[in-house]
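In the numbering used here, the protein residues as written are 1 to 288.
The following block contains the structure:
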């Protein structure tokens, strides 16, 4: 993903940072990207919060980034690592008018079609139905985030309500910023699920987010079009030759029942999807 961003933004006026709680190294063959490797010492900050095999300390790391970069950046665009960059002007996104909100994000996929849906984690915490965002892409205004003690508030919720954090860090962020965030177009976080994957090319999605356990590099059922693996496989082979090769399927698995199901889900969702997409006449439209 860092390579994709660097290639598409050769004259960028922003840094590309890869952050981890562990010390990072990149192969020399990627030195030309000018990526900043950042070890963030924040493991103790998330003690007592709900974790499992998928939600490790690294999952919560996004919550520590504004504090870690307080003296470096006015804005931070956080991206999950399972995102495929297809286009879009990230510099323009970093400069949008957030209308006084501390963060900007994209709604979580179920609310694309049912905007009044009350997510399970809001119900569990007794919060009213409200716009609910996916935490895989976050545009953060650093100073307001710090001034409102976002990390401290998230720690309090996480440590006292750990059993009710349905989506862990995403739940925390939606609680802390409940009804206080700016909504941006789904092209900046196109969550690749069965009900919306065919609309992705029609909407010209900039950032494709592979939510869930299946990924293009781990796709035993052939869920994803081969174009994603075809882009990722040679990169891994060239720069990380010691890793297991990525299997490239010649085509998605031929399962007529699954194909009919996917088409039917899209047919039924089309009116509501069109209404949702109509809310964003440009890719830089912002709602509050």
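All residues carry an ideal CB built from backbone N, CA and C; glycine is no exception.
Item                                                                                                                                   : Value
Span separating the alpha-carbon of residue 185 from that of residue 280                                                               : 6 Å
Residue 283 versus 181, 190, 136, 79, residue with shortest Cα-Cα distance                                                             : 190
Per-residue burial, residue 158 [other beta carbons within 10 Å of its own, 16 or more giving buried]                                  : buried
Contact between the segment 205-218 and the segment 152-171 (3+ Cβ pairs under 8 Å)                                                    : no
Status (buried if at least 16 other CB within 10 Å, exposed otherwise) for residue 192                                                 : buried
Reference residue 286; option with closest CA among 161, 270, 36, 96                                                                   : 96
Euclidean distance between Cα positions of residue 206 and residue 74                                                                  : 23 Å
Beta-carbon proximity check, residue 178 vs residue 130, cutoff 8 Å                                                                    : yes
Endpoints, beta strand (DSSP E) assigned at residue 136                                                                                : 133-141
Rounded separation between residue 88 and residue 273 - CA only                                                                        : 21 Å
Where the beta strand (DSSP E) containing residue 20 begins and where it ends                                                          : 17-20
Straight-line gap, residue 219 to residue 256 (C-alpha atoms, nearest Å)                                                               : 18 Å
Span of the alpha helix (DSSP H) around residue 327                                                                                    : Past the boundaries of the shown model lies residue 327; the chain is included only from 1 to 288, so the question cannot be answered.
From 60, 138, 270, residue whose alpha carbon lies closest to that of residue 196                                                      : 270
Expected contact under 8 Å - CB spacing of residue 188 and residue 106 to nearest Å                                                    : 6 Å
Alpha helix (DSSP H) segments (min. 4 residues) lying fully within the segment 154-223                                                 : 169-176, 200-203
Classification of residue 71 by the beta-carbon crowding that lies within 10 angstroms, buried from 16 upward                          : exposed
At least 3 beta-carbon pairs within less than 8 Å: the segment 32-41 vs the segment 12-21                                              : yes
Residue 194 burial status per 10 Å Cβ neighbour count (16 or more: buried)                                                             : exposed
Contacts around residue 246, its chain only, beta-carbon distance under 7 Å, and the 5 residues preceding and following it disregarded : 217, 229, 232, 233, 236
Coil, strand or helix - residue 36 by DSSP                                                                                             : strand
Rounded C-alpha distance that separates residue 277 from residue 28                                                                    : 42 Å
Host alpha helix (DSSP H) of residue 236 (start-end)                                                                                   : 226-239
Alpha-carbon spacing of residue 91 relative to residue 34, whole angstroms                                                             : 17 Å
Backbone CA spacing between residue 174 and residue 132 [nearest angstrom]                                                             : 6 Å
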